[in-house]
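Each position in the sequence shown, counted from 1, maps to that position plus 20 in this note's numbering. Read through the structure below, which is laid out as structure tokens, and then see the notes.
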Amino acid sequence: MPHADSAMIPPGLDKAAFWDHVHEQLSHLLAGQRHWVTNLANASSLLFNALQATPHFGTADRMVNWCGFYLHSDLFPPPRFSPTTQPHAAQPPRLLLGPFCGKPACQLINVSPERARGVCADAYLQRRTMLVTDVEAYPGHIACDGDTKSEIVCPLLLALPDGQPERALGVFDLDCLALAGFDERDKFGLERIARLVVDACDW
Ligand code: SME
Numbered sequence: 021m022p023h024a025d026s027a028m029i030p031p032g033l034d035k036a037a038f039w040d041h042v043h044e045q046l047s048h049l050l051a052g053q054r055h056w057v058t059n060l061a062n063a064s065s066l067l068f069n070a071l072q073a074t075p076h077f078g079t080a081d082r083m084v085n086w087c088g089f090y091l092h093s094d095l096f097p098p099p100r101f102s103p104t105t106q107p108h109a110a111q112p113p114r115l116l117l118g119p120f121c122g123k124p125a126c127q128l129i130n131v132s133p134e135r136a137r138g139v140c141a142d143a144y145l146q147r148r149t150m151l152v153t154d155v156e157a158y159p160g161h162i163a164c165d166g167d168t169k170s171e172i173v174c175p176l177l178l179a180l181p182d183g184q185p186e187r188a189l190g191v192f193d194l195d196c197l198a199l200a201g202f203d204e205r206d207k208f209g210l211e212r213i214a215r216l217v218v219d220a221c222d223w
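Okay, here's the thing in structure tokens:
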């Protein structure tokens, strides 16, 4: 099957079946590849296009207008060939824009506990999914696109051996043009997708 066809959605799926289908397609798409840049690029593309192909989100007023990842800066390699003025580790903890689909977005989200703000920072620091029905009512929300009305952000959590606490790697963020665009079924589906993505990559 051509890679692009993995984002095709059969007609008549309810929301739970939609998320199951995307999970299944993504598991095939990520098989045999362990690099997070490559896998997150395909994950954001598959989900963005699948969401646009389902009637649950595919109409102009309910469209998902952004779908992508922010990753902790430690995951980005330091420059290999060009000089840098500041060592990587000397900068405050932050999430950097990773693979995504949608319009250009803010590149950097501060996650130092005393200065963090926004939905992504909260999901990252609290290690739980944020389901935001109205972004304008969310304290500290960072508006990347004035058309966005609601948002869901799920943390990417890596399980570690020997009872160590999970490591927060970043977040998976979806924006919607409708108020209350996402519900508990989407939260369940996105959290499963996030686990699949984390498990499919070397970090
Ligand atoms: N709204 C997010 C910022 C990221 S964009 O939505 C792509 C936030 O408040 O953290």
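Backbone N, C-alpha and C define an ideal beta-carbon position, used for all residues, glycine too. In this text the structure is predicted, and so the values were computed from the model without any measurement.
query	result
Taking buried to mean at least 16 other C-beta atoms within 10 Å of its own C-beta, is residue 91 buried or exposed?	buried
Nearest-angstrom Cα distance between residue 68 and residue 132?	29 Å
Is residue 92 a contact residue of ligand 1, with contact defined as CB to any heavy atom under 7 Å?	no
Tell me whether residue 23 sits in a helix, a strand or coil according to DSSP, three-state version.	helix
In the DSSP assignment, find the unbroken beta strand (DSSP E) run with residue 67 in it and report its ends.	Per DSSP, residue 67 belongs to no beta strand (DSSP E); it is in the alpha helix (DSSP H), 56-73.
Are the CB atoms of residue 147 and residue 177 nearer to each other than 8 Å?	yes
Grab me the residues of residue 120's own chain with a C-beta within less than 6 Å of its C-beta, minus the 5 sequence neighbours each way, in chain order.	64, 88
Residue 196 by DSSP, collapsed to three states: which one?	strand
For the alpha helix (DSSP H) that residue 210 lies in, which residues bound it at each end?	204-220
Hey, is residue 161 close to ligand 1, as in C-beta under 7 Å from one of its heavy atoms?	yes
By how many angstroms is the C-alpha of residue 42 removed from the C-alpha of residue 129?	28 Å
Under the criterion of a Cβ to heavy atom distance below 7 Å, does residue 172 qualify as lining ligand 1?	no
Does residue 140 come out as helix, strand or coil in the three-state DSSP assignment?	helix
Any heavy atom of ligand 1 closer than 7 Å to the Cβ of residue 167?	no
Sorry if obvious, but does the Cβ on residue 201 come closer than 7 Å to a heavy atom of ligand 1?	no
Can you determine whether any heavy atom of ligand 1 sits closer than 7 Å to the C-beta of residue 118, and answer yes or no?	no
Would you report the Cα separation of residue 115 and residue 199, rounded to the nearest angstrom?	26 Å
Alpha carbons only, please: which of 144, 187, 139 is nearest the one belonging to residue 164?	139
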